[in-house]
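Here is the structure we will look at.
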Amino acid sequence: MTADGSKYYYIGVDVGTGSARAALVDDDGNILAESTHATQTYRLESDSRIFEQSTTDIWSQIKLAITQVVAASTVDPSHIKGLGFDATCSLAVTDFDGNPIAVTPQASGASKSEWGPGERNVILWADHRAEDEAALINATGSKVLNYVGKTMSLEMEIPKILWLKKHMPGELFKQCMFFELPDYLTYKATNSLARSNCSLVCKCSYIPPGVDGSELGWQPEFFDQIGLGELVKDNFKQLGGVPGRNGIVLSAGQPVGDGLTAEVAAELGLLPGTAVGSALIDAYAGWVGTVAAPTNPVSEENNHPSLISSQNRLAAIAGTSTCYCVQSPDGILVDGVWGPYKHAVFPGLWMNEGGQSSTGQLIDFIIDTHPASPHLRTLASETNRSPFNVLHNKIDSLAADASAPHPSYLTTDLFIYPDFHGNRSPLADSTMRGMITGLKLDRSLNDLALKYYATLEAIALQTRHIVEEMNVKGHKIDSIYMSGGHAKNPVFMQLIADVCKMPVQLPFSSSASVVAGSAILGRFAADVKDPQGSGASGDWAPKEATEIKDQKKAEESSFKYKDHLWDLMVRMTKPGTPVFPQKDEKLTKLLDVKYKIFRDSILIQRKWKSMISEVTN
Numbered sequence: 000m001t002a003d004g005s006k007y008y009y010i011g012v013d014v015g016t017g018s019a020r021a022a023l024v025d026d027d028g029n030i031l032a033e034s035t036h037a038t039q040t041y042r043l044e045s046d047s048r049i050f051e052q053s054t055t056d057i058w059s060q061i062k063l064a065i066t067q068v069v070a071a072s073t074v075d076p077s078h079i080k081g082l083g084f085d086a087t088c089s090l091a092v093t094d095f096d097g098n099p100i101a102v103t104p105q106a107s108g109a110s111k112s113e114w115g116p117g118e119r120n121v122i123l124w125a126d127h128r129a130e131d132e133a134a135l136i137n138a139t140g141s142k143v144l145n146y147v148g149k150t151m152s153l154e155m156e157i158p159k160i161l162w163l164k165k166h167m168p169g170e171l172f173k174q175c176m177f178f179e180l181p182d183y184l185t186y187k188a189t190n191s192l193a194r195s196n197c198s199l200v201c202k203c204s205y206i207p208p209g210v211d212g213s214e215l216g217w218q219p220e221f222f223d224q225i226g227l228g229e230l231v232k233d234n235f236k237q238l239g240g241v242p243g244r245n246g247i248v249l250s251a252g253q254p255v256g257d258g259l260t261a262e263v264a265a266e267l268g269l270l271p272g273t274a275v276g277s278a279l280i281d282a283y284a285g286w287v288g289t290v291a292a293p294t295n296p297v298s299e300e301n302n303h304p305s306l307i308s309s310q311n312r313l314a315a316i317a318g319t320s321t322c323y324c325v326q327s328p329d330g331i332l333v334d335g336v337w338g339p340y341k342h343a344v345f346p347g348l349w350m351n352e353g354g355q356s357s358t359g360q361l362i363d364f365i366i367d368t369h370p371a372s373p374h375l376r377t378l379a380s381e382t383n384r385s386p387f388n389v390l391h392n393k394i395d396s397l398a399a400d401a402s403a404p405h406p407s408y409l410t411t412d413l414f415i416y417p418d419f420h421g422n423r424s425p426l427a428d429s430t431m432r433g434m435i436t437g438l439k440l441d442r443s444l445n446d447l448a449l450k451y452y453a454t455l456e457a458i459a460l461q462t463r464h465i466v467e468e469m470n471v472k473g474h475k476i477d478s479i480y481m482s483g484g485h486a487k488n489p490v491f492m493q494l495i496a497d498v499c500k501m502p503v504q505l506p507f508s509s510s511a512s513v514v515a516g517s518a519i520l521g522r523f524a525a526d527v528k529d530p531q532g533s534g535a536s537g538d539w540a541p542k543e544a545t546e547i548k549d550q551k552k553a554e555e556s557s558f559k560y561k562d563h564l565w566d567l568m569v570r571m572t573k574p575g576t577p578v579f580p581q582k583d584e585k586l587t588k589l590l591d592v593k594y595k596i597f598r599d600s601i602l603i604q605r606k607w608k609s610m611i612s613e614v615t616n
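Residue numbers (numbering that gives the first Met the number 0): 0 to 616.
As structure tokens, this is what we get:
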């Protein structure tokens with residue numbers, strides 16, 4: 000608190016797939032103000048794999064959101080002590096002055112044979128242009144693959160950088176700096192080139208020094224092998240440098256540089272030097288904002304969960320796609336599940352990340368492409384309800400008419416396999432495709448409601464597949480901590496609890512959990528950067544401001560204060576609401592059979608592909 004007893008405040012910024020959100024919170028994690036602004040995604044009609052964004056557009060929306068929350072809260076900027084960022088795992092490309100470089104010729108407004116500066120300088124996480132490059136990397140057998148579930152995803156950054164290397168003019172490629180989007184945001188805010196462990200370890204083929212014989216973090220032989228040898232030159236300068244030589248890598252929330260630059264502070268209405276925490280990928284910010292909730296649906300450990308107890312809590316960050324993050328004391332290799340990632344959030348601990356590339360996007364697709372979709376929208380508008388509420392009421396009505404004890408009895412002959420945009424986990428197969436079995440000549444709203452429900456079932460069944468694979472390999476997951484838009488869907492949440500046979504913990508605020516996680520990073524950065532100025536107290540607090548100017552200092556600081564980060568998570572995370580599996584043996588048996596059908600769908604699709612391949616290749 001300040002000298003007069005008033006509170007200090009912190010801002011979290013969350014850049015998701017379609018928006019930039021800011022929230023201003025107090026010392027206890029209470030949200031005083033929020034603001035969200037849509038960001039633009041560019042597509043190519045000629046290539047459905049392409050998803051691009053613009054750092055200029057993203058930063059503009061961030062500025063709007065931050066200035067609005069500061070104004071709405073009426074908090075004096077001198078009382079705002081820290082700022083934290085998270086963003087999607089997308090690739091941002093600039094020159095060495097920070098100016099955007101377009102990631103396709105079309106994005107620069109030039110002809111196909113020309114490349115150069117351009118606003119569309121972000122290859123979004125969902126972009127699947129780098130399929131061939133990922134296949135080349137996966138054929139190397141490099142030890143890098145042991146830290147991404149044995150299969151490099153085409154959604155990761157090195158395949159995308161390799162795609163740019165193959166298509167960009169050589170001289171232009173040499174001028175590029177490559178950022179994971181969260182790290183670009185801290186660079187923009189502070190003018191520091193420091194990178195985050197989370198971004199590098201999780202998406203950039205970086206193995207922390209000391210892990211599996213890694214010395215530099217970056218693996219020169221791997222980059223030489225795949226055709227990116229020029230990145231090795233100048234000590235990986237284009238990727239942020241080698242820690243201890245020409246770069247610095249920070250753990251979650253550690254203060255970046257000297258805080259906000261004077262220019263950015265003026266743009267945001269904040270003070271120069273305001274602490275900026277080392278950023279996280281959005282899924283991991285969701286983990287920070289949920290798993291330390293004091294409510295535990297499994298045990299009586301409600302008041303102050305321990306850091307080690309996080310190994311039992313799977314964070315599910317569910318929106319356009321869904322990510323599943325879990326921490327463990329030891330590195331656990333799960334085939335088809337990303338990781339294990341050391342230091343991804345907490346120094347010395349490991350994370351695994353499963354995922355589904357299309358969940359909210361798939362639900363929207365099923366609804367929007369059905370002939371009854373216009374009728375659904377009209378009915379929702381006329382009755383002042385959401386389309387989802389209309390569908391849920393329709394499902395209940397159909398169940399009542401059929402005397403069905405549960406909606407899952409309505410879809411006993413309708414099965415959907417959900418990989419319409421490939422499989423991220425646990426198959427790690429981008430060639431997998433969606434399947435629908437049990438179609439009828441029915442264009443009605445009833446049919447749309449059933450297809451919608453079958454889609455929810457499919458996503459829940461795949462969630463079980465991911466959780467089972469994680470636990471079989473050594474994880475100890477016994478509960479799922481949700482955040483994101485899906486947490487507002489009670490039908491979906493109950494399905495996940497029933498299908499996975501474990502409680503689902505809903506957050507205090509489904510829309511704010513991720514941005515709250517980023518605000519916690521801002522609080523931690525402020526406490527470490529200037530403990531007296533931030534109001535930090537307790538045995539952990541350093542006697543004086545901790546300036547992180549070199550890698551050795553960064554590592555010492557990260558281990559010294561990691562318990563304080565967990566304490567902040569516990570203090571600033573609000574209790575949520577548990578959803579328990581229903582005690583219905585018949586329903587459990589039905590869902591178990593549907594799970595077997597789900598697994599059979601994988602086998603039959605792969606069998607059919609093999610049969611076709613035999614006669615076409």
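Where a beta carbon is used, it is the ideal one built from N, C-alpha and C, also for glycine.
Computed from a predicted structure; not experimentally measured.
Have a look at residue 274 and residue 555 and give me their C-alpha separation to the nearest angstrom.
-> Working through the sequence shown from its first residue, we reach residue 274 at position 275. Working through the sequence shown from its first residue, we reach residue 555 at position 556. Answer to the nearest angstrom: the Cα atoms are 19 Å apart.
**Item:** Coil, strand or helix - residue 326 by DSSP
**Value:** Taking the sequence shown and counting its residues from 1, one reaches residue 326 at position 327. Reduced to three states, the DSSP call for residue 326 is strand.
Residue 610, enclosing beta strand (DSSP E) - first and last residue: Indexing the sequence shown from 1 puts residue 610 at position 611. No beta strand (DSSP E) holds residue 610; the alpha helix (DSSP H) holding it covers 584–615.
Between which two residues does the alpha helix (DSSP H) containing residue 251 stretch? Here residue 251 refers to the residue found at position 252 when the sequence shown is read from its first residue. Here residue 251 belongs to no alpha helix (DSSP H), and DSSP marks it neither H nor E.
### Query
Of the residues 86, 87, 101, which one's Cα is nearest the Cα of residue 93?
In the sequence shown, residue 93 corresponds to position 94, counting from 1. Residue 93 has its Cα closest to that of 101, out of 86, 87, 101.
Next on the checklist: Rounded to the nearest angstrom, what separates residue 126 and residue 88 at their Cα positions?
Outcome noted: On the sequence shown, residue 126 is found 127 positions in, with the first residue counted as 1. On the sequence shown, residue 88 is found 89 positions in, with the first residue counted as 1. So the alpha carbons of these two residues sit roughly 11 Å apart.
### Chain-order list of residues whose beta-carbon lies under 7 Å from that of residue 122 (same chain, five-residue window excluded)
Along the sequence shown, one-based indexing puts residue 122 at 123. Same-chain partners within the cutoff: 51, 89, 90, 102, 159.
| query | From what residue to what residue does the beta strand (DSSP E) around residue 92 run? | reply | Locating residue 92 in the sequence shown gives position 93, where the first residue counts as 1. Segment 90–93, the beta strand (DSSP E) holding residue 92.
>> Which runs of the alpha helix (DSSP H) at least 4 residues long sit entirely within the segment 219–246? Give them in chain order.
In response: 219–225
request  = Grab the span of the alpha helix (DSSP H) containing residue 469 for me, first residue to last.
outcome  = Here residue 469 is taken as the residue at index 470 of the sequence shown, counted from 1. It spans 444–471 - the alpha helix (DSSP H) in which residue 469 sits, taken as one unbroken run.
### Task
For my contact list, residue 76 and residue 269 are in at a C-beta cut-off of 8 Å; report their separation, rounded to the angstrom.
Translated into positions along the sequence shown, residue 76 becomes position 77. Translated into positions along the sequence shown, residue 269 becomes position 270. Sure, about 5 Å apart at Cβ, within 8 Å.
Checklist entry - Does DSSP classify residue 287 as helix, strand or coil? => result Here residue 287 refers to the residue found at position 288 of the sequence shown. Residue 287: helix per DSSP, three-state reduction.
- Contacting residues, own chain, Cβ-Cβ under 7 Å from residue 576 (five flanking each side not counted): Here residue 576 corresponds to residue number 577 of the sequence shown, with the count starting at 1. The answer, listed in chain order, is 505.
| message | Please return the same chain residues whose Cβ sits closer than 7 Å to the Cβ of residue 236, not counting the five positions on each side in sequence. | response | Translated into positions along the sequence shown, residue 236 becomes position 237. So the list reads 245, once near-sequence residues are dropped.
field: Enclosing beta strand (DSSP E) for residue 417 [first to last residue]
entry: Working through the sequence shown from its first residue, we reach residue 417 at position 418. Note, residue 417: premise wrong, no beta strand (DSSP E); not H, not E.
- For the alpha helix (DSSP H) that contains residue 13, what are its first and last residues? Walking along the sequence shown from the start, residue 13 turns up at place 14. It is not in any alpha helix (DSSP H) - residue 13 instead sits in the beta strand (DSSP E) that spans 8–14.
Quick check: residue 193 and residue 277, are their CB atoms within less than 8 Å of each other? Against the sequence shown, residue 193 aligns to sequence position 194. Against the sequence shown, residue 277 aligns to sequence position 278. Result yes, Cβ atoms of residue 193 and residue 277 sit closer than 8 Å.
Same chain only: Cβ atoms within 7 Å of residue 512, ignoring 5 sequence neighbours per side = Numbered from 1 along the sequence shown, position 513 holds the residue referred to as residue 512. Result list for residue 512: 285, 288, 289, 482, 506, in chain order.
### Query
With DSSP run on the structure shown, which of helix, strand or coil describes residue 117?
Indexing the sequence shown from 1 puts residue 117 at position 118. Note: residue 117 maps to coil in three-state DSSP.
So the candidates are 11, 134, 325; which of them puts its Cα closest to the Cα of residue 32? Your numbering for residue 32 matches position 33 in the sequence shown. The residue with the shortest Cα to Cα distance from residue 32 is 11.
**Report entry** Beta-carbon gap between residue 156 and residue 53 smaller than 8 Å
**Finding:** Counted from its first residue, the sequence shown places residue 156 at position 157. Counted from its first residue, the sequence shown places residue 53 at position 54. For residue 156 and residue 53, no; Cβs fall outside 8 Å.
Leaving out the 5 sequence neighbours to the left and right, which residues in its chain are closer than 6 Å to residue 479 when beta-carbon positions are compared? Stepping through the sequence shown from its first residue, residue 479 is reached at position 480. Contacts found: 313, 315, 503.
From residue 375 to residue 396, what does the alpha carbon distance come to, in whole angstroms?
-> Here residue 375 corresponds to residue number 376 of the sequence shown, with the count starting at 1. Here residue 396 corresponds to residue number 397 of the sequence shown, with the count starting at 1. If you take the alpha carbons of residue 375 and residue 396, they lie about 15 Å apart.
Next item on the list: Give a yes or no on whether the minimum CB-CB distance between residue 146 and chain C is below 8 Å.
Entry: Looking at the structure shown, chain C is missing, and only one protein chain is on hand.
_Check this for me: beta carbons of residue 498 and residue 589, under 8 Å apart or not?_
Numbered from its first residue, the sequence shown carries residue 498 at position 499. Numbered from its first residue, the sequence shown carries residue 589 at position 590. No.
> Buried or exposed: residue 327, going by 16 or more other Cβ atoms within 10 Å of its Cβ?
Replying inline: In the sequence shown, counting from the first residue as 1, residue 327 sits at position 328. So residue 327 ends up on the buried side.
Legend entry - Complete runs of the beta strand (DSSP E) confined to the segment 349–384 [at least 3 residues]: 349–355
Note to self: Helix, strand or coil for residue 436? Go by DSSP, reduced to three states.
What the structure shows: The count along the sequence shown starts at 1 and reaches residue 436 at position 437. The answer is strand: DSSP assigns residue 436 an E or B state.
Notebook entry, point to check: What is the rounded straight-line gap between the Cα of residue 602 and the Cα of residue 411?
Noted result: Walking along the sequence shown from the start, residue 602 turns up at place 603. Walking along the sequence shown from the start, residue 411 turns up at place 412. Cα to Cα, the separation comes out at about 20 Å.
*Between the beta-carbon of residue 453 and the beta-carbon of residue 578, is there less than 8 Å?*
In the sequence shown, the residue the question calls residue 453 occupies position 454. In the sequence shown, the residue the question calls residue 578 occupies position 579. In this structure, residue 578 does not lie closer than 8 Å to residue 453 by Cβ.
Exercise. Sort 384, 200, 409, 334 by Cα distance to residue 344 and report the nearest one.
Key: Residue numbering aside, residue 344 sits at position 345 when the sequence shown is read from its first letter. Residue 344 has its Cα closest to that of 200, out of 384, 200, 409, 334.
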